[in-house]
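Accompanying notes for the structure given below.
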Amino acid sequence: MSTSIAPQVLPEKPWRPTFKRVLPDLFGALLTAVSTVLIVAVTPLKGKLGFSLTLIAMALVFSVLISGVRKDKKAAFNSVSTVFVYIAATFVLIPLFSILYEIYSRGVGALTWGIFTKDMSLSSADAPVSEGGLLHAIIGTLYLVAIATIISAPIGLLTALYIVEVKGRAAGLVRFFVQAMSGVPSIVAGLFIYAVWMIGLGNSYNAGAGAAALAILMIPTVARTSEEVLRLIPPDLREAGLALGATQWRTVAMIILPAARSGLITAIILGIARVAGETAPLLLTIGGADAINLNPFSGNSSALPYYVWKNLSLGNPESIERAWAGVMVLMLLVFIFFTLARYFSGKRTGR
Amino acid sequence: MNDVHVSSLADVASNHASKKQPGTAVLGTGLEARGVHAWFGKKHVLEDISLDFFPGTVTALIGPSGCGKSTFIRILNRMHEFIPTAALAGEVLLEGKDIYESGTDVTKIRLRIGMVFQKPNPFPSMTIKENVLSGLRLAQLKVSGEDELLESCLRRAGLWEEVKDRLGEYGGALSGGQQQRLCIARSLAVNPQVLLMDEPCSALDPGSTLRIEETIRELSSTMTIVIVTHNMQQAARVSDYTGFFLSDGGPGRLIESAPTSQIFSNPKEKRTEDYVTGRFG
Ligand SMILES: Nc1ncnc2c1ncn2[C@@H]1O[C@H](COP(=O)(O)OP(=O)(O)O)[C@@H](O)[C@H]1O
Ligand SMILES: [Mg+2]
Chain A
1 MSTSIAPQVL
11 PEKPWRPTFK
21 RVLPDLFGAL
31 LTAVSTVLIV
41 AVTPLKGKLG
51 FSLTLIAMAL
61 VFSVLISGVR
71 KDKKAAFNSV
81 STVFVYIAAT
91 FVLIPLFSIL
101 YEIYSRGVGA
111 LTWGIFTKDM
121 SLSSADAPVS
131 EGGLLHAIIG
141 TLYLVAIATI
151 ISAPIGLLTA
161 LYIVEVKGRA
171 AGLVRFFVQA
181 MSGVPSIVAG
191 LFIYAVWMIG
201 LGNSYNAGAG
211 AAALAILMIP
221 TVARTSEEVL
231 RLIPPDLREA
241 GLALGATQWR
251 TVAMIILPAA
261 RSGLITAIIL
271 GIARVAGETA
281 PLLLTIGGAD
291 AINLNPFSGN
301 SSALPYYVWK
311 NLSLGNPESI
321 ERAWAGVMVL
331 MLLVFIFFTL
341 ARYFSGKRTG
351 R
Chain B
352 MNDVHVSSLA
362 DVASNHASKK
372 QPGTAVLGTG
382 LEARGVHAWF
392 GKKHVLEDIS
402 LDFFPGTVTA
412 LIGPSGCGKS
422 TFIRILNRMH
432 EFIPTAALAG
442 EVLLEGKDIY
452 ESGTDVTKIR
462 LRIGMVFQKP
472 NPFPSMTIKE
482 NVLSGLRLAQ
492 LKVSGEDELL
502 ESCLRRAGLW
512 EEVKDRLGEY
522 GGALSGGQQQ
532 RLCIARSLAV
542 NPQVLLMDEP
552 CSALDPGSTL
562 RIEETIRELS
572 STMTIVIVTH
582 NMQQAARVSD
592 YTGFFLSDGG
602 PGRLIESAPT
612 SQIFSNPKEK
622 RTEDYVTGRF
632 G
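Just so you know, the protein sequences line up as chains A and B, in that order.
Going letter by letter, the first sequence gives residues 1 to 351 in the working numbering.
Going letter by letter, the second sequence gives residues 352 to 632 in the working numbering.
Here it is, written out as structure tokens:
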């Protein structure tokens, strides 16, 4: 046992910014804000445009000055690009947040517990928003997304496997058609199902037909994204599997797919994001309904985008408010789904 | 490698002075390449290679980059055919039977002739334990006593002591040298007769390299090992036989093959001597 008294060393994170280190930046931000307010107050520069232009100019001036004084010329130039990166990021975020804000402020009024538990079968379109609800549309959208995913996830994945792993004779051709398919306008997908499945084969409106139209749009997204994901798997993993005496099929199932798992789940999520808000194909295929329909393969059905479209076109203030609530619920639904999928895809991955 | 003397390498090579002679071990009749040629598209990269690998011995393949060592070693367990432009002539006999004969079950061949790659490549979605046993699952083999097999493979690969308490962690969490030993353990689990190693230490530090060399020496008593290496000392330290490959711009040829001590002490060919003494390559 050694008795020497070593000075106790505590773990630190020296790369973390401390208050003292961000002080000059805070000072710069403060100077920028104050000078912008002053300039806008005393000069003819007015309005949102004048304010943001002044803000950008002041941010540039002060960041260059501060980094030039604290460090050197190189740091001053560097800070110019930093400011531009932040400005660009802001310009991307502004529309996003203003859309989110708009949806929230218009939809939150109609967002009551009731809309999640009731449908519109007992309420007329101009009834107050506290009556009725959009449960039927939520159920319709869940059915549509679920069935479209059940159809297109395996087809999209197998297509990608054919292109990347099997490298079959027709791989180039298949790839070309998948790319062409991803350019198909959504209304055309709806028309196709309408013409073939409904007029041609004499079927009537239902959620299954709508899901088939959505699947046409979803397959190319899933296939192309999965293809990119599979190409990122290092080739030596394939060789290692084959060198252990595995067949190609076992190698794909036990090594390639597990290694690509979270990427493949992302591919499916992107496919769902592509179709969850689609309206046009549904107008031709699901028929619309005001009541809950629990059978996706028989009878008219509704969906959130359909509900939004219908209520907007009705045009009275109550239904427009319902439409905004529908938009908000649709976004919440997609968000919840993404979060769940991210959680499950991240649960078990190596490295 | 300029500071290397022929004599010092010869000393190293004769140090473990292999008493093994061709055909003395009773482990089967080994692996033989007969008149092997290889092409990629129209490019002829290997010409008329005939080389025997004796059971229970280590054979090192040496030669400058691009002379076809990797191509040759991949021909020995039928990995060559995965390259779309690849073509082949000649025979590779395992226990007297051509592995390229039509009707041969390729996956069975690869179970009997395992391979370790240059870059450690444990399966990222599997734990250490799953990695070692992955060959069984991949080839759908049943064994009784998986835990004993797991331990014995990791012991033979010289990794057991380091990982016995963390078998449930992912293979990617190990150091490079440990990952490579994990890959060796993974190859051992399906009990191959022959183990092919293509520059298994070139991505590793000297300490890990020594560990793997020890592992190779220990494994060689029970199997046939073929190792490609750029490191002359490594060839001298671990191998019983050495084959020297060279390409003069055209296809690669086997210039000389002999017991390792002879290659490093008195090679027949001037070019072999020039290469092992570091005068080129
Ligand atoms: N996949 C491939 N396609 C075309 N040529 C290849 C391929 N792999 C290797 N070659 C060529 O074959 C020759 C031998 O390569 P290789 O066997 O990798 O040599 P070594 O392992 O001895 O460095 C080289 O000229 C190389 O360019
Ligand atoms: Mg090589």
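Where is the CB? At the ideal position from N, CA and C, for every residue including glycine.
| query | result |
| --- | --- |
| Where does the unbroken beta strand (DSSP E) through residue 440 of chain B begin, and where does it stop? | 437-445 |
| Closer than 9 Å, Cβ to Cβ, to anything on chain A: give me those residues from the stretch 510-542 of chain B, in chain order. | 521, 522, 523, 524, 534, 537, 538, 540 and 541 |
| Using only the alpha-carbon positions, how far apart do residue 46 of chain A and residue 28 of chain A sit? | 23 Å |
| How about residue 476 of chain B: is its C-beta nearer than 8 Å to some C-beta of chain A? | yes |
| Does the stretch 490-505 of chain B come close enough to the stretch 272-290 of chain A to have 3 or more Cβ pairs within less than 8 Å? | no |
| According to DSSP, simplified to helix, strand and coil, what is residue 15 of chain A? | coil |
| With respect to 7 Å, is the separation between the Cβ of residue 236 of chain A and the closest non-hydrogen atom of ligand 4 below this value? | By its list of ligands, the structure shown excludes ligand 4, since it contains just ligand 1 and ligand 2. |
| Decide if residue 617 of chain B is buried, meaning its Cβ has at least 16 other Cβ atoms within 10 Å, or exposed. | exposed |
| Kindly indicate which three-state DSSP category residue 10 of chain A falls into: helix, strand or coil? | coil |
| Pull out every residue of the stretch 242-258 of chain A whose Cβ sits closer than 9 Å to any Cβ of chain B, in chain order. | 242, 243, 244, 245, 246, 247, 250, 251, 254, 255, 257 and 258 |
| Taking 8 Å as the threshold, find out whether the stretch 448-464 of chain B comes into contact with the stretch 505-516 of chain B through three or more Cβ pairs. | no |
| Any beta carbon from chain B within less than 8 Å of residue 165 of chain A's own beta carbon? | no |
| Looking at residue 403 of chain A and ligand 2, is the gap between the Cβ and the nearest heavy atom below 7 Å? | The requested residue 403 of chain A does not occur in the structure, where chain A is confined to residues 1 to 351. |
| Does residue 375 of chain B come out as helix, strand or coil in the three-state DSSP assignment? | Only weak support is given to the placement of residue 375 of chain B: the predicted model assigns it a pLDDT of 38, under 50, and the value that follows is read from those uncertain coordinates. Coil. |
| Report the option in B:620, B:612, B:589 and B:622 whose CA atom is closest to the CA atom of residue 408 of chain B. | B:589 |
| Let me make sure I understand the geometry here. Which of B:629, B:384 and B:519 has the alpha-carbon closest to that of residue 484 of chain B? | B:519 |
| Are any of the Cβ atoms in chain B nearer than 8 Å to that of residue 261 of chain A? | yes |
| Report yes if the C-beta of residue 470 of chain B is less than 7 Å from at least one heavy atom of ligand 2; otherwise report no. | no |
| Rounded to the nearest angstrom, what separates residue 257 of chain A and residue 448 of chain B at their Cα positions? | 35 Å |
| Taking buried to mean at least 16 other C-beta atoms within 10 Å of its own C-beta, is residue 612 of chain B buried or exposed? | buried |
| Here's a check: name, in chain order, each residue in its chain whose Cβ is nearer than 8 Å to the Cβ of residue 554 of chain B, leaving out the five neighbours to either side. | 469, 470, 471, 527 and 531 |
| Between which two residues does the beta strand (DSSP E) containing residue 394 of chain B stretch? | 394-404 |
| Can you name the start and end residues of the beta strand (DSSP E) that residue 383 of chain B belongs to? | 382-391 |
| Alpha carbon to alpha carbon, what distance is there between residue 18 of chain A and residue 11 of chain A? | 15 Å |
| Kindly say whether residue 239 of chain A, judged by its beta-carbon, lies nearer than 8 Å to any beta-carbon of chain B. | yes |
| Give a yes or no on contact between the stretch 253-269 of chain A and the stretch 168-178 of chain A, applying the rule of three or more CB pairs nearer than 8 Å. | no |
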